[in-house]
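Report on the structure given below.
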Amino acid sequence: MTNGWVDMKNTDMMLIMGGNPAENHPCGFKWPIEAKRTRGAKIISVDPRFTRTSAVADLFCQIRAGSDIAFLGGVIRYAIENNRIAKDYLVNFTNAAFIVRPGFQLPGDTDGVFSGFDAKTQSYDRSTWNYAGTGGGGGDSSPHPPGGTSPAAPKLPEKVEFDLSLQNPNCVFQLLRKHYSRYTPEMVERITGIPKEQFLKAADLYTSIRKDGDMKKASTIIYAVGWTQHSFGTQIIRTAAILQLVLGNVGRAGGGVNALRGHSNIQGATDMAGLFDSLPGYLKVPTPADTSFDAWIKRITPTPSKPAPWDSFNYSSNTPKFAVSYLKALYGDAATKQNGWAFDYLPKVDRNYSWVQMWDDMYNGTVKGMLAFGMNGVAIGPNSKKNIDALKKADFLVVGEIYPDETSEFWKSPGITTDEMKQIQTTVYRLPCAGFAEKDGSFTNSARWLLWKNTALPTPGDARLDQAIVAQIFLKIRELYKKEGGKFPDPVLNLTWNYSNPSSPPLAEVLKEVNGKALADLEDPATKQQIKAGQQLPGFAWLKDDGTTSCGNWIYSGSFTEAGNQTARRDPSDPSGLGVHPGWGWSWPANRRVLYNRASCDVDGKPWDPSRKQVWWNEGQQKWVGNDVPDFKVDSKPKDHMGPFIMNPEGVGRIFAPLSAFADGPFPEHYEPIESPIDNPFHPQQTHNPVVKRFKTPDDKYGTPKDGYTVVCTTYRLTELYHYWTKNNPMNVQLVPEPFVEISVEMANEMGFTGGEKIKVSSIRGDYIAKAMVTKRIKPLMIDGKKVYPIGLPIHQGYRGIAEDEGKDARTLANLLTPTVVDPNAYTPEFKGFLVKVEKV
Amino acid sequence: MNPSRRDFLKYTAVGGTAAAVFGFDLQPAYAQLRTLKIARASETRSTCPYCAVGCGTIIYTIGDRAKNVTAQVVHVEGDPDHPTNRGTLCPKGSSLQQEIMNDRRLLKPQVRRPGATDWQDISWDDALNEIAARVKKTRDDTFIEKDAAGHTVNRLESLAWIGGCTDTNEFNYLVVKAMHALGVVHLENQARV
Amino acid sequence: MSQETLRIQKISAHAGAVPGEGTQREFQVCKLIDTTTCIGCKACEVACMEWNDLPFGQTVFDNTYQTMPDTRWNYWNLIRFNEHETEDGTLMWLMRKDQCMHCADPGCLAACPSDGAIVQYTNGIVDFQQANCIGCGYCITGCPFNIPKFNSETKRVYKCTLCADRVSEGLEPACIKSCPTGCLHFGSKDDMKYLAETRAKQLRDHYNFPKAGVYDPPGVGGTGVIYVLHDVTEPENYGGLPKDPHIPLTVKLWKGPLKWLGNLAMVGGLIGLFVHYLRFGPKSRDEEFETKREGEQP
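Chains as they are written, first to last, in my numbering: chain A, 778 to 1618; chain B, 12 to 204; chain C, 5 to 302.
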């Protein structure tokens, strides 16, 4: 989230799409409701079905799953054509005025792809996706490792050509207008199934906050995995970000682009690099082509790229300090300047090792062993059968869990006979872990707030703390390497593990390591403030690239200082009334609650809305001050025109995302899901995202309408249940005792069944049997002239649970149906909008 | 539900007598209520483990944390001070007591041997020793020091870690640290999906 | 065990005046339910079940999000889900939390023949005292909202207590505390009426619900649970909320003009017979109670 949960109370307008917060984030949803009660705010709910969010919305549009870019592109077009744009914001705070190189081509001018597409490799040469200008700036802005190892990747120009009148036909704004001019209300209706009049109502309502150039109001976009779980998911979010930049909503109280993360600490897991393609704090992983520490740092540290008269903070220029301090935290004295801070110890990554690829690699024999802690990979899917088949081929599986789950018992999943079971050679260890109440430690919520929790009771039976189990396994491995030697033991032997109880590290000590400390006496040359060797650092501004600081994750620096554990702070006060709560827990970065908050002011540093003052320029003090921590260089004078988006080398928000930022285009274009009922109405010869690749094992199959799969299915959660967890909790099972499929009255009538009857939903990959919920809340859609039936499938059941155990009705996993295909940027699977057929049982 | 806990106090009988004699009564009638079940329970501030709203919770356990008590959770409710949830909880958060005190919890290490049709118990020591030996063997057998182009890669492709949604930041840090030291690149988390 | 108590202002089937009546000042508590901001999340259902340690029951899927068709002796709080299409075809998904309304003039209490089985505290909460309950089920007849439910194992009747145990200690009821959107609110009756009317006005003026209003039915003397409805003229759309609830005439008769009968404990048997006829004439008691209990685990 750019903003936060409580901040939503400040909004005037909400577009809730690709998310269903009333059901999946009920307690966060109080703040949108608060905005309705206290500000008269409106909610627009756009969803494949009428949800409990829609029930309290002021306008509902039923959209076909997977057509979100068409809808949002249509709203961008509407905003531009009706002059409901934030002109000053657009010119000064985004790259709207930047000129793009002449070689760049839009998909409307080609056959549905951007310039540089190579059909054979299904990838783009992205050199034309660049600004016109001079000088070779630097830095690979890619969020993930580049596919190849070509050393001379194109660079952003140091001095970018621009046109503040926004008239140049090759300026970003004109390209944006041209690109989305094709997204007419008629086209939106053809693709999304939302009648033109209804779409226009939504577009008018959402953009009404910028009527007549008014800048006081703010609107927010709220989304969740309904957007990410597509083979073009990242680009849906990009479209939302562009819309918010065009409307001048980013950085503002009640504005922003707000991802509602679905689990208690997947924000923290992402920050902490629990994913293959980053290091803590979003440092880019080294590739084999980075032959030295310096080569790696050169590649990942950007240099400014901006119009010459403007300034750019380019905060990422500090990357070397973060990287050195991280390696010092990992390897201590073994990380020296001479050995490139133990750079060789870091594994080098030049291909995709992400979730779906991992199961593919196990299926194909590369992955031999798996450690799964609190992660039910079989149920989570996609294509659960493939995951089960992959585990059958593994040597060993270690599961750390608190309940019996589908993954640990894959070898006795429904359909496997005793004889088949005896053929499965996988050794499975199942270790009893600790529940949340039995451990302390911090979670990072969706609003980037780190909050410490306390231990309420001991683990039951012989269960152990998760951190103790992992520590004990690691220490035993280390012991073996000490004793026996083995392949490249250096990183294993030299890893720092200086905890007071090494076999069960106290988590507060770990957070101290993450925060970082001084390894030598330090002094701030400006303030003369001193920090002694061994002391905790106050924040990441103190990090050094000379080995005198260590820090496990720079964005968490400031979380555990000499003043103590900041994530455990419990001051509920909110002096500004804006929901900032600066003394509650601690938020990254630097306890800042709304990101890019400098953009809440005009060019002169005055708040767009004086009634919602977040930060502002104080002329007397010659610095930025405010109710929140300014997300800016505090002494940068407004007249210097430093951009508010300090993490971008441009300093401004990217409407056009240049070079390698995204694998599939600098502007979002509508493509169809991998399984789609129609050809892409924009370019039938290029229906799908051109860079998306299919997997090729016998378990990877993709259905088409020609095979009889014509029904658009989408999966989701219910508010009563939590993922595959609460099926062990009688209170929740009582609320929703059985799996069901949501189906329109029209479809049920046509097929001749009624609510409560058992039906079979089949994709080309598998079957799912559940009772029909026949409802008015889903209606058939007219898609490109064809009647399309959408259905909805809650995901919560499996084959281990109160209602599911052996001897009871084993339930099928919803993810037996879902396809193995991923977004090319975030590698998130396409759980939404795949094709099925429906039959009576 | 135990009806005896809701006994009606028989003050009314006394009052009734007085009223019969004097025609009025100043001794008020009371009814006994169920005892507040958290009256003397210990409070622990925690965070709900489900979605990313991160609601503050108060876990009420029996006992006053004296040494001779094994805490049992009697009730969980929202933390009214927490700025986000202000004491509220959703239907999952409201059922956390049953998430913790649940008779389906795993209580001992188990192993399923190749070809076996059921679990068997294993001691912690044996389980951890076997796992450590398997990880080391897998690493020693398949560790890649250089790629085809001769670049140092120092990675282990044959071992995968998948982390859960409720792992704390500190646990994640330890995992990433240990896995990177082993060279693990198939390192993923619920955050991806 | 501590002796937590609340003072009583009404007692079922009690001979003479309520002891101590009028000797202490207390405000009426009230639960406000704003159906227009209810998201049907069922947090209140779980919070109720959890706080009151109610035993779990079994449920079956019935083509709805509603947990079960009706409240049960061990399930006092139920959100009723209704898909409703307005005249112009707009779909509304109406959700209403159903539970004891804590009437100012409680029909259950009026109908109850057992001294002290049903009481109304001075703060307005209507509570059942199961120790005094004789399991006759007359309260079920007396309730215009169909709330009290019979448990055939214990032979007692149960319903929402408005968490009197919490309220007596200065806490809010469990459902109120849990409610994520704040569609549930708790306070004095006066304050809740004000909040409700303010919200209804906002709905009429700003959100295009011209018939929005507050449900606080005078037929039962007003209720300790009031609703804000999008359309107050059609409460039936919200899962059968009665438009103009009254204590059934039969109950009124014997507790009004025939109240003197109640003072004669000796003729209790006669009354019992009379009320039994009134109560169970139309339908069989066994049938009703047994169907309610299907699938439950007492």
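By construction, the Cβ of each residue, glycine as well, lies at the ideal position given by its N, Cα and C atoms.
The DSSP-derived three-state label of A/ALA818 is coil. Inside the segment 180-263 of chain C, DSSP marks whole alpha helix (DSSP H) runs of 4 or more residues at positions 193-209 and 253-259, from first to last along the chain. The Cβ atoms of B/GLY74 and B/SER53 sit closer than 9 Å to each other. A/TRP1118 has its alpha-carbon roughly 36 Å from the corresponding atom of A/VAL1468. Looking at A/ASN1342, A/ASP1217 and A/LEU1299, the one whose alpha-carbon comes closest to that of A/PRO1282 is A/ASP1217.
Counting only unbroken stretches of 4 or more residues, the alpha helix (DSSP H) elements lying wholly within the segment 1007-1079 of chain A are 1010-1023, 1043-1048 and 1070-1077, in sequence order.
Taking 9 Å as the CB threshold, B/GLN83 stays off the interface with chain C. Between C/LYS46 and A/GLU1583, the gap from beta carbon to beta carbon reaches 9 Å or more.
Within the segment 155-200 of chain B, the complete alpha helix (DSSP H) runs of at least 4 residues fall at 180-193.
Taking a cut-off of 8 Å for Cβ pairs, the segment 1393-1406 of chain A and the segment 1346-1365 of chain A touch, as three or more such pairs fall below it. Of all residues in the segment 52-75 of chain C, only MET53, GLU54, PHE60, GLY61, GLN62, THR63, VAL64, PHE65, ASP66, ASN67, THR68, TYR69, THR71 and MET72 place a beta-carbon less than 9 Å from a beta-carbon of chain A. Taking the CA atoms as reference points, A/ASP1441 sits about 8 Å from A/ASN1602. Assignment of B/MET112 by DSSP, reduced to helix, strand and coil, places it in the coil class. Listed along chain C, the residues sitting closer than 8 Å to B/TYR41 by beta-carbon distance are THR9, LEU10, ARG11 and ILE12.
According to the DSSP secondary-structure assignment, C/THR71 is paired through a beta bridge with no residue. C/THR9 is bridged by DSSP to B/GLN43. Taking C-beta atoms as the reference points, B/PRO120 and A/ARG1207 count as a pair closer than 9 Å. Within the segment 49-101 of chain B, no run of alpha helix (DSSP H) reaches 4 residues while sitting entirely inside it.
Taken through DSSP and simplified to helix, strand or coil, B/ASN140 comes out as helix. Its Cα nearest to that of B/LEU47, the residue C/LEU175 stands out among C/ASP38, C/ALA115 and C/LEU175. Straight across, the Cα-Cα distance linking C/ILE138 with C/PHE149 is about 21 Å. Taking the Cα positions, A/GLY817 is about 7 Å away from C/HIS210. Below the 9 Å Cβ cutoff, chain A contributes no neighbours of B/ARG51, its closest Cβ being approximately 16 Å away.
Residues of chain A whose Cβ lies closer than 7 Å to the Cβ of C/PRO184 are, in chain order, PRO803, CYS804, PHE806 and LYS807.
Between A/HIS1040 and B/TYR61, the CB-CB gap stays under 9 Å. Contact of C/SER172 with chain B is assigned, a C-beta pair being separated by under 9 Å. When beta bridges are read from the DSSP output, A/PHE1337 appears opposite A/ASN1342. For B/PRO60, no chain C residue has a Cβ inside 7 Å of its Cβ, as the nearest lies near 16 Å away. A straight-line Cα-Cα distance of about 10 Å links C/CYS140 and C/ALA115. Comparing C-alpha distances from A/ARG826 to each of A/LYS813, A/ALA842, A/ARG1255 and A/TRP1393 shows the shortest one belongs to A/ALA842. Not a single C-beta of chain A is nearer than 9 Å to the C-beta of C/CYS137. Put simply, the CB of C/ILE15 is near chain B, with a gap under 9 Å to one of its CB atoms. Closer than 9 Å to the CB of A/PHE1611 there is not a single CB belonging to chain B. Per the C-alpha coordinates, the member of C/PRO23, C/TRP77 and C/ALA21 positioned closest to C/ASN155 is C/TRP77. The CB of A/HIS1040 comes closer than 9 Å to the CB of PRO60, TYR61, CYS62, ALA63, GLY175, CYS176, THR177, GLN201 and ALA202 in chain B, given here in chain order. Inclusion of A/GLN1012 and A/PRO1445 in the CB contact set at 9 Å is warranted, their separation being smaller than that value.
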